[in-house]
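Comments concern the structure below.
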Amino acid sequence: MIRKIGVLTSGGDAPGMNCAIRAVVRAGLKYGLDVYGIMDGYKGLVEDDMFLMDRHSVSDIVNRGGTILGTARLREFKEEKVRQIAVDNLRKRGIEALVVIGGDGSYMGAKKLTEMGINCVGLPGTIDNDIASTDYTIGFDTCLNTICYCIDHIRDTTSSHQRCAIIEVMGNHCGDLALFSGLAEGVEMIITPDHPIPEEEIIDSLRKLHDAKRKRAIVVVSEKIYPNINEFAKKITVETGFEAKAEVLGRVQRGGTPSAFDRILAARMGAYAVDCLLEGKGGICVGMVDNKIVDDDIYQAVPRPRDKHPSMLRLIDILK
Numbered sequence: 005m006i007r008k009i010g011v012l013t014s015g016g017d018a019p020g021m022n023c024a025i026r027a028v029v030r031a032g033l034k035y036g037l038d039v040y041g042i043m044d045g046y047k048g049l050v051e052d053d054m055f056l057m058d059r060h061s062v063s064d065i066v067n068r069g070g071t072i073l074g075t076a077r078l079r080e081f082k083e084e085k086v087r088q089i090a091v092d093n094l095r096k097r098g099i100e101a102l103v104v105i106g107g108d109g110s111y112m113g114a115k116k117l118t119e120m121g122i123n124c125v126g127l128p129g130t131i132d133n134d135i136a137s138t139d140y141t142i143g144f145d146t147c148l149n150t151i152c153y154c155i156d157h158i159r160d161t162t163s164s165h166q167r168c169a170i171i172e173v174m175g176n177h178c179g180d181l182a183l184f185s186g187l188a189e190g191v192e193m194i195i196t197p198d199h200p201i202p203e204e205e206i207i208d209s210l211r212k213l214h215d216a217k218r219k220r221a222i223v224v225v226s227e228k229i230y231p232n233i234n235e236f237a238k239k240i241t242v243e244t245g246f247e248a249k250a251e252v253l254g255r256v257q258r259g260g261t262p263s264a265f266d267r268i269l270a271a272r273m274g275a276y277a278v279d280c281l282l283e284g285k286g287g288i289c290v291g292m293v294d295n296k297i298v299d300d301d302i303y304q305a306v307p308r309p310r311d312k313h314p315s316m317l318r319l320i321d322i323l324k
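Offset between the sequence shown (1-based) and this note's numbering: plus 4.
So this is what it looks like as structure tokens:
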């Protein structure tokens, strides 16, 4: 039976990561394990920046965004010689297994460490909701609510000035944030990698809205769709009659107090991850499917294509 485990957060931060850390620590202590916090993701493994955690280490953190353990991207971790330094540091301390909280890039690191003898369980901590093995990732719901809050405020000004707001949201190559926020806000148009709209169709639709004396129009766009969202807004201004303004929400979407949903999701996943490690499992990732916490082979989960939400895409056409 294992006696010592570690926990780290890696990649982009996401609201709810602290709740997951707390769950891992409290569950580990409940089972009599020593739980080590690893600072700054895989960088902390390589630099041997770890510390023993207790109950008080994770007190009063459930309402805090970000991650108390810090996070960093370490491209060199792809190299086996760098990973070997991390493994040696873990074995020196007697740490036998890890909980890795992060996105698909973090999962790849967990996969490689498992191959080198350190059992790893991945928790999906990313605002993008781009992990195929789970319906929802930790941080997605909070980010979604932040986006809706911002759109509500932008809507007021857009209506007052009879403008068209082109709102770019995060999501990397996954369109879930745009899709869910656009549906929640009842916007005029949603443009995602899974639901692309030709530029001519966008301009034609907005021109018709303007000619019909609509007071405002809101278009939600996933990042990376347009290389320069401001230039796209200028083109809409010229060709539709609307005064179009680009709004890039940026990193305000990452922060903030985690929602109740994210807190509970993180707690369920964190405790489940410890159970998996105690059962000797490694090379797996935890997810929520149909409201049940499940585990999946990380080797299969990383390359799996993301579900494109066909029923929700149909809603766009029904409700517009």
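Idealized CB from N, CA, C, for every residue including glycine. Fair warning: this is a prediction, and the values are worked out from it, not measured in the lab.
| Item | Value |
| --- | --- |
| Pair within 8 angstroms by beta-carbon distance, residue 289 and residue 279 | no |
| Terminal residues of the alpha helix (DSSP H) in which residue 144 lies | 144-165 |
| Member of 283, 47 and 301 whose CA lies at the smallest distance from the CA of residue 86 | 47 |
| Contacting residues, own chain, Cβ-Cβ under 8 angstroms from residue 40 (five flanking each side not counted) | 8, 9, 10, 11, 54, 55, 56, 57, 97 and 99 |
| Beta bridge counterpart(s) of residue 199 as assigned by DSSP | 196 |
| One or two residues paired with residue 169 in a DSSP bridge | 222 and 249 |
| Length of the line joining the Cα atoms of residue 118 and residue 190 | 45 angstroms |
| Residue 220 beta carbon less than 8 angstroms from that of residue 167 | yes |
| Backbone CA spacing between residue 13 and residue 42 [nearest angstrom] | 8 angstroms |
| For residue 247, the nearest candidate out of 266, 111, 165 and 126 (CA to CA) | 165 |
| Reference residue 270; option with closest CA among 141, 201, 184 and 91 | 141 |
| Pairwise C-alpha distance: residue 170 and residue 127 | 33 angstroms |
| Where the alpha helix (DSSP H) containing residue 136 begins and where it ends | Where residue 136 is concerned, there is no enclosing alpha helix (DSSP H), given that its DSSP letter is neither H nor E. |
| Stretch pair the stretch 204-215 + the stretch 237-244: three plus CB contacts closer than 8 angstroms | yes |
| Spatially closest choice to residue 101 from 116, 83 and 121, by CA coordinates | 121 |
| Start and end residues, beta strand (DSSP E) containing residue 40 | 38-42 |
| Residue 149 vs residue 263 beta-carbon contact at 8 angstroms | yes |
| Neighbourhood of residue 29 by C-beta, 6 angstroms cutoff - its chain only, sequence neighbours within 5 removed | 39, 57 and 62 |
| Terminal residues of the beta strand (DSSP E) in which residue 279 lies | Run containing residue 279: none in the beta strand (DSSP E); it sits in the alpha helix (DSSP H), 264-282. |
| Collapsed DSSP secondary structure at residue 62 in the structure displayed | helix |
| Through-space distance from residue 226 to residue 154, alpha-carbon basis | 15 angstroms |
| C-alpha distance - residue 69 paired with residue 37, whole-angstrom precision | 26 angstroms |
| Proximity winner among 112, 276 and 67, relative to residue 77 (alpha-carbon distances) | 112 |
| Residue 181 and residue 319 closer than 8 angstroms at C-beta | no |
| Counted within 10 angstroms of its Cβ, other Cβ atoms place residue 60 as buried (16 or more) or exposed | exposed |
| Strand pairing of residue 13, partner residues [DSSP] | 105 |
| Nearest-angstrom Cα separation, counted from residue 216 out to residue 267 | 44 angstroms |
| Distance, residue 282 Cα to residue 6 Cα | 7 angstroms |
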